[in-house]
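K.L.:
Below is the structure I would like to discuss, written out as structure tokens.
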Amino acid sequence: MTTAQSPLAHAYAACEAITKLEARNFYYGIRLLPPAKRSALCAVYALARRIDDIGDGDLPAEQKTRALAELRASLTRPPDPADPVLTAVTDAARRYPIPMDAFDELVDGVEADVRMDTAGLTHQTFDDMVGYCRCVAGSVGRLCLGIFGSRPHPEAARYADALGIALQQTNILRDIREDLQNGRVYLPQEELARFGAELVLDEHGVLVDKAGGLAELIRFSAARARAWYADGLRLVPLLDRRSAACATAMSGIYRRLLDDIAADPPSVYHQRRSLSGWQKAGVAARALAGVAPVPGGGRTS
1 MTTAQSPLAH AYAACEAITK LEARNFYYGI RLLPPAKRSA LCAVYALARR IDDIGDGDLP
61 AEQKTRALAE LRASLTRPPD PADPVLTAVT DAARRYPIPM DAFDELVDGV EADVRMDTAG
121 LTHQTFDDMV GYCRCVAGSV GRLCLGIFGS RPHPEAARYA DALGIALQQT NILRDIREDL
181 QNGRVYLPQE ELARFGAELV LDEHGVLVDK AGGLAELIRF SAARARAWYA DGLRLVPLLD
241 RRSAACATAM SGIYRRLLDD IAADPPSVYH QRRSLSGWQK AGVAARALAG VAPVPGGGRT
301 S
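Residue numbers for the sequence shown follow UniProt numbering, so the first one is 1 and each next one is one higher.
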């Protein structure tokens, strides 16, 4: 005889199904959490994914803007019982000190993507790019911290923010080609000019880098992103073991991807780089065993 799920259990199950399907990198870390924290983080991921999907979807810009405004407003109201994601997030926020205003920042970042699509806006400086990364990824780091919990430390939220920004810098380097195909350029114009790098696709949709400036910029950007990882990973000793394993696994997967891109920048000119399933599982297993990535590519227990 089977027992029907409660509405709340159904809501969390729906969020976990979304996370398993969509979070191809993050879920390797999320599954290392104990059940209650895992369910809460899946709820957070599912809502963050919904926000991202609005920005990356096929709706006209005006409809995207309205959808984002409606989603922002929905965060201030009791959840619709028919919406499992908002139902689960609302419950998770009752159980953990989740900074709900971070979802507003995420919406801000996705609205910036919509403006980029319509007005061709770009980031002029690295600081501009960091501001965007803080909205779309630093916010997620702080949402995760609300669920992880940490020992009291005045810099804990900043570390979580820095770790999210490091991950987003990795995403930007990985997705240069795909973003350009979609009319988006996230690399700072100032740095593209400094390295003499032009973002141009050939007739086959492959990035052209005749003078090697783009490869040089990618290596420079990867080295800088490693410093952001080093700063953000100061969070790990402040977390309990399972939360530390989750954070280490998620960041370790992206850090290894960053190292692969830096070792072979032209590899992103024609494909979207990723780690294999066994590579991701290996990073997660080492994280659970207490093996953390350290600056310079080494590892320490």
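Glycine included, C-beta positions come from ideal geometry on N, C-alpha and C.
1) Can you tell me which of R234, E191, Y229 and R226 puts its alpha carbon nearest to the alpha carbon of E216?
2) Can you tell me the Cα-Cα spacing of P154 and V268, whole angstroms?
3) Please tell me whether T76 has its Cβ less than 9 Å away from any Cβ of chain C.
4) What are the boundary residues of the alpha helix (DSSP H) that G131 is part of?
5) Which whole-angstrom value describes the C-beta separation of T125 and P188, a residue pair presumed to lie in contact below a C-beta threshold of 8 Å?
6) Locate the alpha helix (DSSP H) running through K280, then write down its first and last residues.
7) Taking the C-alpha atoms as reference points, what is the distance between V89 and A69?
8) Check the DSSP bridge columns for V208 and list the partner residues they point to.
9) Could you tell me the distance, in whole angstroms, from the CA atom of A211 to the CA atom of R184?
10) Classify V140: buried if its beta carbon has 16 or more other beta carbons within 10 angstroms, exposed otherwise.
11) Pick out whichever of E203, L207 and L106 has its Cα sitting closest to the Cα of L180.
12) In its own chain, which residues sit with a C-beta less than 8 Å from the C-beta of L71, not counting the 5 before and 5 after it?
13) Could you check if N182 is buried or exposed, using at least 16 other CB atoms within 10 Å of its CB as the buried criterion?
14) Would you kindly report the start and end of the unbroken alpha helix (DSSP H) that includes G252?
15) With DSSP collapsed to three states, give me the class of G149.
16) For L275, which residues from the same chain have a beta carbon less than 7 Å from its beta carbon, with the 5 sequence-adjacent residues on both sides left out?
17) Whose C-beta lies closer than 8 Å to the C-beta of R272 among residues of the same chain, with five residues either side of it excluded?
18) Given 8 Å as the limit, tell me if Q63 has its C-beta closer than that to any heavy atom belonging to the ligand FMN.
19) Looking at the structure shown, is V89 part of a helix, part of a strand, or coil, going by DSSP?
P.N.:
On the basis of the supplied data:
1) Residue E191 is the option with its Cα nearest to E216.
2) Rounded to the nearest angstrom, the gap between the Cα atoms of P154 and V268 is 38 Å.
3) Absent from the structure is chain C; it holds one protein chain and no more.
4) F126 to C133 is the span of the alpha helix (DSSP H), which, as asked, contains G131.
5) With 8 Å as the limit, T125 and P188 qualify as a contact, their Cβ atoms being about 5 Å apart.
6) Per DSSP, K280 belongs to the alpha helix (DSSP H) from G277 to L288.
7) Just so you know, the alpha carbons of V89 and A69 end up roughly 18 Å apart.
8) The partner list for V208 (beta bridge, DSSP) reads V200.
9) Linking A211 to R184 through their CA atoms gives a straight-line distance of about 22 Å.
10) Buried.
11) Taking the Cα of L180 as reference, the smallest distance to any Cα among E203, L207 and L106 is reached at L207.
12) The beta carbon of L71 sits closer than 8 Å to those of R50, I51, I54 and V107, all from its chain and outside the five residues before and after it, given in chain order.
13) Exposed, since its Cβ has fewer than 16 Cβ neighbours within 10 Å.
14) Unbroken alpha helix (DSSP H) run through G252: R241 to A263.
15) The DSSP-derived three-state label of G149 is coil.
16) Within its own chain, the residues whose Cβ lies closer than 7 Å to the Cβ of L275, once the five positions on either side in sequence are excluded, are I253, R256 and L257, listed in chain order.
17) Taken in chain order, the residues that qualify are R174, D175, R177 and E178.
18) Looking for the ligand FMN in the displayed structure turns up nothing, as the structure carries no ligands at all.
19) DSSP places V89 in helix when its eight states are reduced to three.
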